[in-house]
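Taken in order, these protein sequences are the chains called A and B. Residues in the first sequence are numbered consecutively from 1, following the UniProt record's numbering. Residues in the second sequence are numbered consecutively from 1, following the UniProt record's numbering. So the structure is just underneath, and the comments pick up after that.
Protein chains: 2
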Amino acid sequence: MSRIPDERPLNPKPEVITELRRLLPAASVLATEAELAPYECDGLSAFQQRPLVVALPETVEQVQQIMRLCHRLEVPVVARGAGTGLSGGALPLADGVLLSLAKFNRIIDIDPANRSAKVQPGVRNLAISEAVASHGLYYAPDPSSQIACSIGGNVAENSGGVHCLKYGLTVHNILKLKLVSVEGELFEVGSEALDSPGLDLLALMTGSEGMLGIIVEVTVKLLPKPERAQALLASFDSVERAGAAVAEIIGAGIIPAGLEMMDNPAIRAAEAFVHADYPVDAAAILICELDGFNAEVSVDVMRVRKLLLDAGATDVRTAADDAERLRFWKGRKAAFPAVGRISPDYYCMDGTIPRRQLGPVLNRIAELSAESGLAVANVFHAGDGNLHPLILYDANNPGELEKAEELGGAILELCVAVGGTVTGEHGVGVEKLNQMCVQFNSAELTQMHAVKAAFDPKGLLNPGKAVPTLHRCAEFGAMHVHHGELKFPELPRF
Amino acid sequence: MSRIPDERPLNPKPEVITELRRLLPAASVLATEAELAPYECDGLSAFQQRPLVVALPETVEQVQQIMRLCHRLEVPVVARGAGTGLSGGALPLADGVLLSLAKFNRIIDIDPANRSAKVQPGVRNLAISEAVASHGLYYAPDPSSQIACSIGGNVAENSGGVHCLKYGLTVHNILKLKLVSVEGELFEVGSEALDSPGLDLLALMTGSEGMLGIIVEVTVKLLPKPERAQALLASFDSVERAGAAVAEIIGAGIIPAGLEMMDNPAIRAAEAFVHADYPVDAAAILICELDGFNAEVSVDVMRVRKLLLDAGATDVRTAADDAERLRFWKGRKAAFPAVGRISPDYYCMDGTIPRRQLGPVLNRIAELSAESGLAVANVFHAGDGNLHPLILYDANNPGELEKAEELGGAILELCVAVGGTVTGEHGVGVEKLNQMCVQFNSAELTQMHAVKAAFDPKGLLNPGKAVPTLHRCAEFGAMHVHHGELKFPELPRF
């Protein structure tokens, strides 16, 4: 299956393979069909494309040489971390080099006094917390894939996780990046001090999906492990009431470490899979974790318990011990694979909405689901309004994948309509290019292209991802033009 | 006095005044010498320059019309908020329009459920907290000038304050901006939801010092007022020990709401001015404020007290009540004017360093002070390593201003040398252009110019500020070239 929304005319240059073999050891240049197969998609398997060649550099110098080569030959480059991304940001190009950072897997330095660590981009997210645990520290952002996903990919997609409600997204938890430019030059953005003067290129790089440079080193912030974590599990007989409870908790000035919601289909799937002792008849459950100082957690647990009951919870359980707390999370953490057991395929969406819209939006998603005939399970970061509707379908039934994508698109457009955005933490990649046309007007998209061109005038870094062309938006027909049009200097097309 | 480090050839176009009078009411276009005088500098009075004309628009449409006019005539534009900035970011250009946002002073909307407020850029920082106080909310960043400074200026300079140790800089406390482009088009960056897809233009705009667009609306995040605030005042007989205590507190996993340090000259000046009952013989004091949940604050106060004593504090006072807590702060808050009383002039620097360098850097500043013959008082945000050395001088003594600037430059370069940066919260403006050459290499500066050009190809928005030209750096002779050079497409010069 090849479903590439790429508007570029293909221009394969096989000489790049020969030249790469001069730069890298034989085992680090993959070009046979069998070797390329594992790289044909990332975590978004609906889109597949084999690259022209995969390069596996081991040193910064090799990355610089590869970029100089590709720049000279005008060959596009797609960077790849662990390949767990869910929006197709690392989808290869048929005429491009796939630059894997898998061999950049060293923790370079841990600085407990400055609460920071310097790591290579291929280091797994969880490996950072493991490496610094003996200092009482951890790295806060925790995507569901944290066992497997790489920190470089986290930066490229500005990843979140359960804990980002309290501790922020990746952009709030990194200090400095080392990158290789499209022309092969090494540069740094950010600083280990409070603020970096001049333009905030660190934030600009974070979430830029490989379009501005190749990340070769990441300095992350570390946090002290909280003294105590405690969790509550609340049952509701309507998703609206559960949504309202979320707004009540946040509105009371409490910032939980995590505040997650699952609806009935998700509860049932998780319970059948891992037996977490979930209330299978509840319309929705909320799992609320509080962490911090012991005395603070004790009082906040009481306050949250009261808020949940006042908001109409039919039952509220407080974990008696850490084993029970982990059991509360067991079902939530297994929810995606659990849904995978009850449906041949599922499509995980990722949109954000203002918290107060949770109830109405979940109801509208149920209506859209009924209209399309495809079931939807909801498992998501309710605290920050980050929805993850899982659309259940069977790719073997002709037309169902397309129907699932259509329903997904409609859900994202609903998010924008209520004042939200088309992504929370998974990035745009290739998946949400059309919805970017709904989110932004052509002036705003043009501005993003202009910024991209400031780093990559020839459009060689991950072309076709994250920011749609105006042409594509015009074809999609959902061009959002609430303001006028900005006229920037003539820009290259990506 | 005219001390403009501007490399642009002047090109005054008086017709812009006539045309502005067609767009705005007579009282909103200022062009006589007497009318222009109040605008000849911002908070950095060492640099002064009258603009060609001052425009005081009242509506977004008027801002758009002014920008269209200036774009057509190719007249440079400098935006100005309250004019309290300390790095000369709002210094006018002799041939430019000074665009004052003073009349944009309305709070448009307060949304307690979403904990956000939408305000015009001319609204004063403190006015936001006052307007939302009845909801139990406040806006966290608190520059010393918060009674007077405007939120638009805060965004332009990415301002900090005492509370930014715990609650972050301006960039961490805003959600969305509305801007007018150099061509007069209205556009938005950011979102009221968790994350905004595509490139992070919100962070890019924050701290960009008026070089990328004119801010016409700011949506800020609001925080719940903490249940309790408590403060400690610790005396030390050496600045090094005080610096080490700061590192101990932060290293213990405590994040105070504020952690401020004053050295002996600053203590004496403040005490003489406001009688805060400071220990006038101490080499340094630390003021540590803890806020949050009542029980948490109680225990943290005990922990901090013990850490301070263990670190060698000769005395630690805990505020008995809120009146005493406010007295602790009274001297700190009055420290700048207090220093103004003991010296005809002073020059406030703003650099950041890694916390563990506090002691050594303060010692080296004392040496540099002795070498130059100018006294230095230190009053600063110790918790995040943000120094504010106040260099005392007398502008009436020939050569002393130059000597003060030289000492200031040497201190900033010292900050960079120990791994810090040349600004913490005051921005670069015109003041630190030379030090930017020390902080960044030419490839990095070239990249900033390329990003600037993506928004403002003709270089009409606040030219000559924040990012030095490579030519200037070459002349300054401190060009920092630890990496190679990036070659971007031919760029306009600013």
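Positions of the beta carbon are idealized from the N, C-alpha and C atoms, including for glycine.
Could you please tell me which residues of the segment 98 to 113 of chain B, in chain order, have their CB closer than 7 Å to any CB of chain A? Within the segment 98 to 113 of chain B, the qualifying residues are A113.
Return the residue from the list L433(B), A319(B), N158(B) that minimises the CA-CA distance to G424(B). Taking the second sequence and counting its residues from 1, the one referred to as residue 424(B) is at position 424. With distances taken between CA atoms, G424(B) lies nearest to N158(B) out of L433(B), A319(B), N158(B).
When you compare the CB positions of E217(B) and P354(A), do they come within less than 8 Å of one another, or not? In the second sequence, residue 217(B) corresponds to position 217, counting from 1. In the first sequence, residue 354(A) corresponds to position 354, counting from 1. Inclusion of E217(B) and P354(A) in the CB contact set at 8 Å is not warranted, their separation being larger than that value.
Starting from R106(B), follow the alpha helix (DSSP H) in both directions and report where the run begins and ends. Stepping through the second sequence from its first residue, residue 106(B) is reached at position 106. Per DSSP, R106(B) lies in no alpha helix (DSSP H) and is assigned neither H nor E.
Beta-carbon within less than 8 Å of A474(A)'s beta-carbon, same chain only, minus the 5 sequence neighbours each way: which residues are those? Locating residue 474(A) in the first sequence gives position 474, counting from the first residue. The answer is none, since no qualifying residue turns up.
F440(B) - DSSP class collapsed to helix/strand/coil: To locate residue 440(B), count along the second sequence from 1; it is residue 440. Secondary structure at F440(B): coil, using DSSP grouped into helix, strand and coil.
Let me know if M302(A) comes out buried or exposed under the rule of 16 or more other beta-carbons within 10 Å of its beta-carbon. For the purposes of this step, residue 302(A) is identified with residue 302 of the first sequence, where counting begins at 1. That one is exposed.
Could you say if the segment 258 to 267 of chain B and the segment 312 to 321 of chain B meet the contact criterion of at least three C-beta pairs nearer than 8 Å? Not touching, per the Cβ criterion.
So the candidates are A266(B), R356(B), S343(B); which of them puts its Cα closest to the Cα of G331(B)? Here residue 331(B) is taken as the residue at index 331 of the second sequence, counted from 1. When only C-alpha atoms are compared, the closest one is A266(B).
So is V59(A) in contact with chain B if we call contact Cβ pairs under 8 Å? Looking up residue 59(A) in the first sequence gives position 59. Note that residue 59(A) is Thr in the sequence shown, not Val. Chain B places no beta carbon closer than 8 Å to that of T59(A), leaving this residue out of the contacts.
Along the beta strand (DSSP E) that carries M262(A), what are the first and last residues, could you check? Residue numbering aside, residue 262(A) sits at position 262 when the first sequence is read from its first letter. Element bounds for M262(A): 258 to 263.
Could you tell me whether any Cβ in chain A is nearer than 8 Å to the Cβ of R493(B)? The count along the second sequence starts at 1 and reaches residue 493(B) at position 493. Because R493(B) carries a pLDDT of 32, less than 50, the predicted location of this residue cannot be relied on, and the following value inherits that uncertainty. The beta carbon of R493(B) does not come within 8 Å of any beta carbon belonging to chain A, so the residue lies off that interface.
As an exercise, report each continuous alpha helix (DSSP H) stretch of at least 4 residues that is fully enclosed by the segment 149 to 179 of chain B, in chain order. The qualifying runs are 151 to 157, 164 to 167.
Paired residues, beta bridge with E188(B) - DSSP: Your numbering for residue 188(B) matches position 188 in the second sequence. According to DSSP, which records beta bridges pairwise, E188(B) is partnered with K178(B).
Simplified DSSP state of S208(B), which is helix, strand or coil: One-based indexing of the second sequence puts residue 208(B) at position 208. In this structure, S208(B) counts as coil in the three-state DSSP scheme.
Per-residue burial, L10(A) [other beta carbons within 10 Å of its own, 16 or more giving buried]: Within the first sequence, residue 10(A) is the residue found at index 10, counting from 1. Under this definition L10(A) is an exposed residue.
For P489(B), which three-state DSSP category applies? Numbered from 1 along the second sequence, position 489 holds the residue referred to as residue 489(B). Interpretation of P489(B) is limited by its pLDDT of 31, a score under 50 that renders its predicted location unreliable; the figure taken from the coordinates is listed afterwards. Reduced to three states, the DSSP call for P489(B) is coil.
Terminal residues of the continuous beta strand (DSSP E) containing S129(A)? By 1-based counting over the first sequence, the position of residue 129(A) is 129. Run containing S129(A): none in the beta strand (DSSP E); it sits in the alpha helix (DSSP H), 125 to 132.
Please list the partners that M436(B) has in chain A, where partner means a Cβ-to-Cβ separation under 9 Å. Within the second sequence, numbered from 1, the residue matching residue 436(B) stands at position 436. What M436(B) touches in chain A: P197, G198.
Where does C41(B) sit, in a helix, a strand or coil, going by DSSP? As a first step, residue 41(B) must be located in the second sequence, where it is residue number 41. In the three-state reduction of the DSSP assignment, C41(B) falls in the coil class.
Where does L390(B) sit, in a helix, a strand or coil, going by DSSP? Position 390 of the second sequence, counted from the first residue, corresponds to residue 390(B). The answer is strand: DSSP assigns L390(B) an E or B state.
8 Å Cβ cutoff met for V16(A) and V54(A): As a working mapping, residue 16(A) is identified with position 16 in the first sequence. As a working mapping, residue 54(A) is identified with position 54 in the first sequence. Cβ distance not < 8 Å, so V16(A) and V54(A) don't count as in contact.
How many Å lie between H275(B) and A335(B) at the Cα? Taking the first residue of the second sequence as position 1, residue 275(B) is located at position 275. Taking the first residue of the second sequence as position 1, residue 335(B) is located at position 335. When rounded, the distance between both Cα atoms is 11 Å.
Taking one C-beta from the segment 159 to 178 of chain A and one from the segment 211 to 228 of chain A each time, how about it: are there three or more such pairs within less than 8 Å? Touching, per the Cβ criterion.
What is the DSSP secondary structure of F47(A), reduced to helix, strand or coil? Here the question's residue 47(A) lines up with position 47 in the first sequence. Look at F47(A) here: in three-state DSSP terms it is coil, with no helix or strand label.
L61(B), DSSP secondary structure in three states: The sequence position of residue 61(B) within the second sequence is 61, counting from 1. Note on residue identity: the sequence assigns Glu, not Leu, to residue 61(B). Of the three classes helix, strand and coil, the one that applies to E61(B) here is helix, per DSSP.
Helix, strand or coil for N462(A), going by three-state DSSP, please let me know. Numbered from 1 along the first sequence, position 462 holds the residue referred to as residue 462(A). Annotated three-state conformation of N462(A) is coil, per DSSP.
R50(B) burial status per 10 Å Cβ neighbour count (16 or more: buried): As a working note, residue 50(B) is residue 50 in the second sequence. R50(B) is buried by the Cβ-count criterion.
Could you check if T59(B) is buried or exposed, using at least 16 other CB atoms within 10 Å of its CB as the buried criterion? Counting from 1 along the second sequence, the entry for residue 59(B) is found at position 59. By the neighbour-count definition (other C-beta atoms within 10 Å, threshold 16), T59(B) is an exposed residue.
What residue range is occupied by the uninterrupted beta strand (DSSP E) comprising A34(A)? On the first sequence, position 34 is the one that residue 34(A) refers to. In the DSSP assignment, A34(A) falls outside any beta strand (DSSP E) and lies within the alpha helix (DSSP H) extending over 33 to 36.
Examine the Cβ distances between the segment 412 to 420 of chain B and the segment 285 to 303 of chain B and report whether three or more of them are shorter than 8 Å. Too few Cβ pairs lie closer than 8 Å, so no.
So V467(A) contacts chain B; which residues on that side make the cut at Cβ distance below 8 Å? Indexing the first sequence from 1 puts residue 467(A) at position 467. Correct list: G198, L199.
Classify G190(A) as buried or exposed, calling it buried when 16 or more other Cβ atoms lie within 10 Å of its own Cβ. For the purposes of this step, residue 190(A) is taken as the residue at position 190 of the first sequence. Under this definition G190(A) is a buried residue.
Counting only Cβ pairs nearer than 8 Å, list the residues of chain A close to R356(B). Stepping through the second sequence from its first residue, residue 356(B) is reached at position 356. Near R356(B) (Cβ distances below 8 Å), the residues of chain A are A113, N114.
Just to confirm my understanding: we take G340(B), look at its own chain, exclude 5 residues before and 5 after, and list those with CB closer than 7 Å. What are they? The count along the second sequence starts at 1 and reaches residue 340(B) at position 340. Shown here for G340(B): same chain residues with a beta carbon closer than 7 Å to its own, the five before and five after excluded, namely Y346 in chain order.
Against chain A, with Cβ distances strictly below 8 Å, would A478(B) count as a contact? As a position in the second sequence, residue 478(B) is number 478, starting the count at 1. Because A478(B) sits at a pLDDT of 49, beneath the cut-off of 50, its placement in the model cannot be relied upon, and the following sentence gives the value as read from the coordinates. For A478(B), not one C-beta of chain A is nearer than 8 Å to its own C-beta.
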